Amino acid sequence: MAAFLSLVIDIVSSTLVLALVSLGLGVVFGLVRVINMGHGAMLALGAYLTWAFSGAGVPFALAVVAATAGVAVVGLIFEALIIRHFYEQPFETLLISWGFYLVVTELIKIVWGSTLKNIRNPIPGTFSLGPAGIGRYEAMVCLVTILLLVAMGLMLYRTNVGVRVRAMIQNREMALMLGVNAPRMYRGVFVAGAAMAGLAGGLIAPMFSIEPDMGTLWLVRAFFVVTVGGLGAIVGGTLVGSALIGGATSIFALVSPQVFAQTVVFALAVVALRFRPVGILGRR
Amino acid sequence: MTTSSTGIDRRSLLKASLFGAGAITAPSLLSACSPKSSGGGGGGSSSGPIRVGVISPLSGAWTVYGKAHSAGFQLAVDEINAAGGSLGRKWELVVTDSKTEPQVVTEQANRLVREEQVDFLAGTFSSAERNAAAPVATQADKLLLYPTFYEGQSQKFYPGVCNPNVFMFGPEPSEQVWPHMEYIMKKHGGKFFMIGSDYVWPRETNRLTKEKLKELGGSTVGEVYIPFNTPQYGSVLSQIRRSGADVIFLSLTGSDTVNFRRQLAAAGMKKDFVVWTVDDEEAATSGIGPDATEGDYVSFDYFWSIKTPNNETFRKKVQEKYPKVIMNTVGVAMYNAAHMTAKAIEKAGEVSTDAVRSALEDMTFDGAPQGSLTMRAEDHQAVLPSYLVQAQPNWTSPDNMFKVVHSVESVQPQAAQCDKLPLSKA
């Protein structure tokens, strides 16, 4: 029973952390069709800004908020200067955002150096749930992720903005004809995606190695999450994709070596795409 | 009806992510071919400077260990040159970046030997890098001075090891791990859970550790190998929880060890398990931070904080010349390698590979920061001290990071498992 409970906790937390990291990518790709290769650099920037602010004595929660805002501003500048001229051109945006990744990563190295950084765990200790347990900080990150997903769902399905956004996903031309302000909406979505990357980077910083290339660790996984989960199905798709890529590793690791568990999960993802090319929750 | 008026579908996104994965490694391959510089007077000639090719991990996954690596060698060479060089000839370094990639190492080693015409090679970091450079050294009949703690020599990994052209200045498991096992077992128990990166060094280190563990009456309750660049460790942590282990014996490297240990601490598991790492020297431990390392054990032949007269002098020199570099076992091994080779050249009276090799064999160096070091003739393995340290609460820098809890002044490593010993008569 204890083993089962700790497995469940592990699956849930792995899934939610991966969902947190992938959400910004899913939003930008699902809503404005930009394959944002810069997502990894935005994660790293969020982590570094959080590290820099909390090193300067700012309380951790505030540091994360400031880092989120900082990355959002960087995203806004990037969008206003470059990306907005290239919407609807997937290959160009892919190359440009990859360039953005390289530039930001090098800037991080220039400003903060390439030695590893770390942030002291702001909420040490564990919650014990009967015989199993979970780190308090990790639990907090999971909670924030759930809140973020719920807020996202509410925004998409319960607000006017959400109606317009969904209209755009379903039929872009019609939505534009009906008066959706496309440039503003595109900008809003791109900046929101950047902010989510910044938030994710800041929140995971106390649990991970902070280094300039930290985004590469996540980028391929996050892409799999978004494609397997289903494009445009932002809340559900991200969750399902994360469960398959993150959570399933835990299940396979029970009966097989880690190397195999990690490989078989990606193989499964490819098989899933073979039979559901639009992603598990995607709609054609 | 389509969800996308721009024509992207999942196939193109998949291609895009693959493209991205490829592009991550592509730039480093391009820049590996840097333009050659002038030939110089090396290559076995008996006049002009002595040229040394240094291969260091200056970028890539192991950069964190790389600064000490090249700085240690440079420091020794500056001392050698300040004292007039060897046989009246100054040393000249050609430092190249391994990018932490074996194929780059092969290219660089070839370039150093053919174009730069170096007299010998020093460096490479990981076992895979050494295994890439050693065949080049063998073919060109140059020596390779290898600094890193590694898995020991066994014939199946020839020519990376068991090679008369390669000298090992770092410790292998019978020096780094075995001397401290009884201490750990007595204090914390004999049930070990082993977790390492998925390549030859962790696997061989664990094989030898398990061998000794069995002999001492302990047991292995889990053994897990992790692919490089794994961010999440939730499933491994629950495996460890279930295993009933006393000690987590850790040989993860690079950012993986940082991610694992930070998550181990965040999961609140540090109070239930003792961590003993054979990878996380001062630089990696700095990356992990005080809260996630407190109380954990590390073992090596050298630590910045050991109290020996030699180390006191050495520390002053490092602080003066490289105040920003975090010095570690690998940097010190590079330092020792340069000094011992300089002594060997003086003793041999020439710079030829054969002469320097026989002069290095059986050489003892009393100026090593960790104490005394002898290069064993038969298998080119350094006889070294061994230290077990514990990370201190709330450490702020390598100065107060570790405290020695157990040490052995000089360890004779187990004999290399090579077909023919001594190596140089083979």
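The listed protein sequences correspond, in order, to chains A and B. Anchor point for the first sequence: position 252 equals 255 in the working numbering, and the numbering is continuous, going up by one each time. Anchor point for the second sequence: position 306 equals 313 in the working numbering, and the numbering is continuous, going up by one each time. Just so it is clear, CB atoms sit at the ideal spot from N, CA and C, and this is done for glycine as well. Computed from a prediction, not measured in an experiment: that's the story for all the values here.
Chain order gives no chain B residues near phenylalanine 103 of chain A, where near means a beta carbon separation below 7 Å; the closest approach is about 12 Å. Here DSSP, grouped into helix, strand and coil, assigns threonine 237 of chain B to coil. In the DSSP assignment, glutamine 397 of chain B falls within the unbroken beta strand (DSSP E) covering 389 to 398. The shortest CA-to-CA distance from valine 228 of chain A to any of A:Val243, A:Met217, A:Thr219, A:Gly218 is the one to A:Val243. The stretch 72 to 91 of chain B and the stretch 322 to 332 of chain B touch, with no fewer than 3 CB-CB distances between them shorter than 8 Å. Under a criterion of Cβ atoms nearer than 8 Å, the residues of chain B adjacent to alanine 256 of chain A are, in order, Ser242, Val243, Gln246. Secondary structure at tryptophan 98 of chain B: strand, using DSSP grouped into helix, strand and coil. Residues Leu257, Val305 of the same chain have their beta carbon placed closer than 6 Å to that of threonine 284 of chain B, with the five preceding and five following residues left out of the count. Taking all protein chains in view, the Cβ of glutamate 176 of chain A is surrounded by fewer than 16 other Cβ atoms within 10 Å, so the residue is classified as exposed. The alpha-carbon separation between leucine 151 of chain B and alanine 398 of chain B amounts to approximately 33 Å. Ranked by Cα distance from leucine 152 of chain A, the options A:Ser25, A:Ser9, A:Leu110, A:Gly282 are led by A:Ser25. The beta carbon of threonine 70 of chain B sits closer than 8 Å to some beta carbon of chain A. The beta carbon of arginine 123 of chain A falls within 8 Å of a beta carbon belonging to chain B, placing the residue at that interface. For aspartate 373 of chain B, the uninterrupted beta strand (DSSP E) run begins and ends at 371 to 375, by DSSP.
The beta-carbon separation of asparagine 343 of chain B and alanine 375 of chain B, rounded to 5 Å, stays under the 8 Å limit for a contact. The beta carbon of arginine 210 of chain B sits closer than 8 Å to the beta carbons of Glu158, Gly203, Tyr232 from its chain, once the five residues preceding and following it are set aside; these are given in chain order. Taking the beta carbon of glycine 203 of chain B as reference, no residue of chain A falls within 9 Å; the closest one sits roughly 10 Å away. Within the same chain, Ala139 come within 6 Å of threonine 113 of chain B by CB-CB distance, once the 5 residues on both sides are set aside.
In this structure, the straight-line span from the alpha carbon of alanine 5 of chain A to that of serine 17 of chain A is close to 18 Å. In this structure, phenylalanine 174 of chain B lies away from threonine 155 of chain B, with their beta-carbon atoms at least 8 Å apart.
Only buried fits arginine 268 of chain B, as 16 or more other CB atoms lie within 10 angstroms of its CB. By the Cβ test, the stretch 93 to 107 of chain B is in contact with the stretch 51 to 67 of chain B, since at least three Cβ pairs between them sit closer than 8 Å. Glutamine 146 of chain B sits exposed, since fewer than 16 C-beta atoms from the chains shown fall within 10 Å of its C-beta.
Around the beta carbon of glutamate 141 of chain A, 16 or more other beta carbons sit within 10 angstroms, so the residue counts as buried. No Cβ-Cβ contact shorter than 8 Å links methionine 158 of chain A with valine 166 of chain A. In the three-state reduction of the DSSP assignment, glutamine 424 of chain B falls in the strand class, which pools E and B. Cβ-Cβ separation between phenylalanine 176 of chain B and alanine 384 of chain B: approximately 15 Å, too far for a contact (criterion under 8 Å). Valine 153 of chain A: member of the alpha helix (DSSP H) spanning 139 to 161, first to last residue. Residues of the stretch 164 to 194 of chain A whose Cβ lies closer than 7 Å to any Cβ of chain B, in chain order: Ile172, Arg175, Glu176. Along the stretch 101 to 149 of chain B, the beta strand (DSSP E) occurs as fully enclosed runs of 3 or more residues at 127 to 130, listed in sequence order.
In the three-state scheme derived from DSSP, where H, G and I count as helix and E and B as strand, leucine 257 of chain B is classed as strand.
Its Cα nearest to that of asparagine 317 of chain B, the residue B:Val339 stands out among B:Val339, B:Pro297, B:Phe307, B:Asp298.
Pairing alanine 47 of chain A with glycine 204 of chain A gives a Cβ-Cβ distance under 8 Å. With distances taken between CA atoms, serine 93 of chain B lies nearest to B:Ala355 out of B:Ala355, B:Cys425, B:Val412. Secondary structure of serine 417 of chain B (DSSP, three-state): strand. Valine 418 of chain B and phenylalanine 255 of chain A have their C-alpha atoms spaced approximately 42 Å apart.
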